[in-house]
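Taking it in order: structure first as structure tokens, then the write-up.
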Amino acid sequence: MLKLEPIKIGKIELLPLFEGGKGIAVSNGVTAGAWSACGGVGTFSGASADYYDEDGNLVRYHYSGKTRRERHAQLIEQSIKGALAQARIAKSIAKNVWVNMNVLWEMGGCQIILEKTLERAKGMINGVTCGAGMPYNLASICAKFDVFYFPIVSSMRAFNVLWQRAYKNYSQWLGAVVYEDPWIAGGHNGLSSEEDPKIRQDPYHRLVKLRKCMNSLGLSSVPIVIAGGVWCLNEWKNYLDNPEIGPVAFQFGTRPLLTKESPISDEWKKRLVELKEGDVLLNQFSPTGFYSSGVYNNFLRKLDNRSKRQIAYKDVSESGFESIIHFGPRNRELFVSKEDELKAQAWIADGYDQIIKTPDGTIVFETKDEAAIIHQDQVNCMGCLSSCRFSNWSQEAESNGSIPDPRSFCIQKTLQDIAHAGSIDDNLMFAGANVFRFGQDPFYANGFIPTVQELVDRIKQGD
Ligand SMILES: Cc1cc2nc3c(=O)[nH]c(=O)nc-3n(C[C@H](O)[C@H](O)[C@H](O)COP(=O)(O)O)c2cc1C
Ligand code: SF4
């Protein structure tokens, strides 16, 4: 058994093990309640969370609004219901325990969903973990409701900016700082333009930097929660009881996907143990504009191939762009290089005869069926993000001023589908780079699926 020092948040001592929040509806009230009941921090996702009718039946999100703005309002209304429902479930499983809610700062209506949920869920939510963006107002919102905040950052620099600009005025409500490894964690990743996605930096040095910065700000007693690539704690002994790291906890995102309580489909659970090293792709297809890590299945392969069927074009002929391609119903002329014209002809001959412009001065080639799906998904947009490169939706101004980007996809549609027993091949399956370890870890031999309690016990042993 490892010696795990409890962490202190406010006056409460907790097991230093966090369940990573997973949207949509992948970490929920049931998983969070079960995790919290073990003494750690369970986290339900507040991103388009499931809600139920009076008889307890799941209500799928539905939209009658004619405009994106109207549907966005309906999404917010349903998301608040969902977050409240999951908070209630978590607290009904585990009374007097610590429960966190997770939101993505760049999700549509994030601040209002958070405020309304915290207002109505008094006493049910103890903390909020929040990443995917720079959540400056997270601290003030949480402080208003006496709730602790847990920013998710991927570098010391990001935390320092958040602190200087916003958090220093709310220091007593800072629960912990979650450091998420931007190269290997599941879900969205916080890689900055200064970091090479192909060269992973040693987390130890990045964590020491973060701790030094936190100490200099008077935050030496605030824990750091290490997320991304954490499987067994025996591999992280060097981070325990180490003054360079300070008080520390660990967050597990991928590993809790495979528990009895986990709501994902049996098919998805089965796939997890079949995955091999290298099956996860760190990619840039997300409509948020962030990097993200997911299984390289049909869904990602399709996007990858679409991006490969891409060439640069000009509206008027210029040197190097002298060959003509006909575009759209009016057969407008676009100019491409001679070399690219040959590629285009081959794609068209293969059935990829629909040409779609991207915001980067390029065109991609798709089949009629796929082009129709892209178009329909853009038409159906309900503004689930603050700004979306796929549909060009912007919460502030309806449109972000750019043309919709066909190289991306509707994340709301696909995550709703996979979370509710949809295809695991044709939907986005977020996973950390370590997911292949399910297939190698003897704990999961012979199809064994642990309960959350069994998983937490195993982690506590160091395995
Ligand atoms: C399926 C899946 C969905 C996720 N969704 C979210 C999310 O909605 N919000 C979030 O902050 N992190 C999300 N994450 C990240 C986890 O909370 C966690 O920080 C990360 O998975 C840790 O790295 P690991 O995958 O190596 O365990 C997700 C991860 C996975 C695997
Ligand atoms: S198109 Fe973009 S903003 Fe609209 S629902 Fe889909 S992912 Fe969300």
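Mind the numbering: the sequence shown is residues 415 to 877 in our numbering, read in order. We put the CB at the ideal spot given by N, CA and C, even for glycine.
Buried versus exposed call for residue i [16 or more other C-beta atoms within 10 Å across all chains shown]
{"i": "Q809", "result": "buried"}
{"i": "G424", "result": "exposed"}
{"i": "H740", "result": "exposed"}
{"i": "A446", "result": "buried"}
{"i": "T366", "result": "Residue 366 cannot be examined here, being either before or after the span of the chain that is shown, 415 to 877."}
{"i": "F862", "result": "exposed"}
{"i": "T772", "result": "buried"}
{"i": "G601", "result": "buried"}
{"i": "I426", "result": "exposed"}
{"i": "H486", "result": "buried"}
{"i": "V473", "result": "exposed"}
{"i": "I640", "result": "buried"}
{"i": "G545", "result": "buried"}
{"i": "A786", "result": "exposed"}
{"i": "R483", "result": "exposed"}
{"i": "Q790", "result": "exposed"}
{"i": "P701", "result": "buried"}
{"i": "E780", "result": "buried"}
{"i": "S606", "result": "exposed"}
{"i": "M415", "result": "exposed"}
{"i": "T531", "result": "buried"}
{"i": "D464", "result": "buried"}
{"i": "G541", "result": "buried"}
{"i": "S733", "result": "exposed"}
Host beta strand (DSSP E) of residue i (start-end)
{"i": "Q809", "result": "Per DSSP, Q809 belongs to no beta strand (DSSP E) and is neither H nor E."}
{"i": "T776", "result": "776–780"}
{"i": "P565", "result": "562–567"}
{"i": "A641", "result": "638–641"}
{"i": "L416", "result": "Counting along the chain, L416 falls outside any beta strand (DSSP E), and DSSP gives it neither H nor E."}
{"i": "I426", "result": "426–428"}
{"i": "F432", "result": "431–433"}
Delimiting residues of the alpha helix (DSSP H) encompassing residue i
{"i": "D515", "result": "Strictly speaking, residue 515 in this sequence is Met, with Asp absent from that position. Premise fails: M515 lies in the beta strand (DSSP E), 513–518, not in any alpha helix (DSSP H)."}
{"i": "K722", "result": "712–722"}
{"i": "T457", "result": "No alpha helix (DSSP H) contains T457, which is instead part of the beta strand (DSSP E) from 456–459."}
{"i": "K422", "result": "Premise fails: K422 lies in the beta strand (DSSP E), 421–423, not in any alpha helix (DSSP H)."}
{"i": "F869", "result": "The question names Phe, but residue 869 is Leu in the sequence shown. Unbroken alpha helix (DSSP H) run through L869: 866–875."}
{"i": "L552", "result": "552–558"}
{"i": "G443", "result": "443–451"}
Closer than 8 Å: residue i CB and nearest ligand 2 heavy atom
{"i": "M796", "result": "yes"}
{"i": "S506", "result": "no"}
{"i": "K480", "result": "no"}
{"i": "P637", "result": "no"}
{"i": "W682", "result": "no"}
{"i": "C524", "result": "no"}
{"i": "D791", "result": "yes"}
{"i": "Q724", "result": "no"}
{"i": "E820", "result": "Sequence check: residue 820 is Pro here, not Glu. No, ligand 2 has no heavy atom inside 8 Å of this Cβ."}
beta-carbon residue i near ligand 1 non-hydrogen atom, thresh 8 Å
{"i": "F844", "result": "yes"}
{"i": "V644", "result": "yes"}
{"i": "I566", "result": "yes"}
{"i": "C544", "result": "yes"}
{"i": "T531", "result": "no"}
{"i": "H885", "result": "Any answer about residue 885 is impossible in this case: the structure gives the chain only from 415 up to 877."}
{"i": "F666", "result": "yes"}
{"i": "L576", "result": "no"}
**Item:** In chain order, each alpha helix (DSSP H) run of at least 4 residues that lies wholly inside the stretch 650–710
**Value:** 680–688
**Request:** List in chain order: all unbroken alpha helix (DSSP H) runs of 4+ residues lying wholly within the stretch 472–508.
**Result:** 482–507
**Request:** Starting from the N-terminal side, write out each stretch of the alpha helix (DSSP H) that is 4 residues or longer and does not extend beyond the stretch 568–618.
**Result:** 570–579
**Request:** For the stretch 522–549, list the alpha helix (DSSP H) runs that are entirely contained and at least 4 residues long, ordered along the chain.
**Result:** 524–534
**Every unbroken alpha helix (DSSP H) inside the stretch 820–850 [4 residues or more]** = 825–833
**Request:** Jot down the residue ranges of each uninterrupted beta strand (DSSP E) in the stretch 721–768, minimum 3 residues, whole runs only, in chain order.
**Result:** 724–726, 737–741, 746–750
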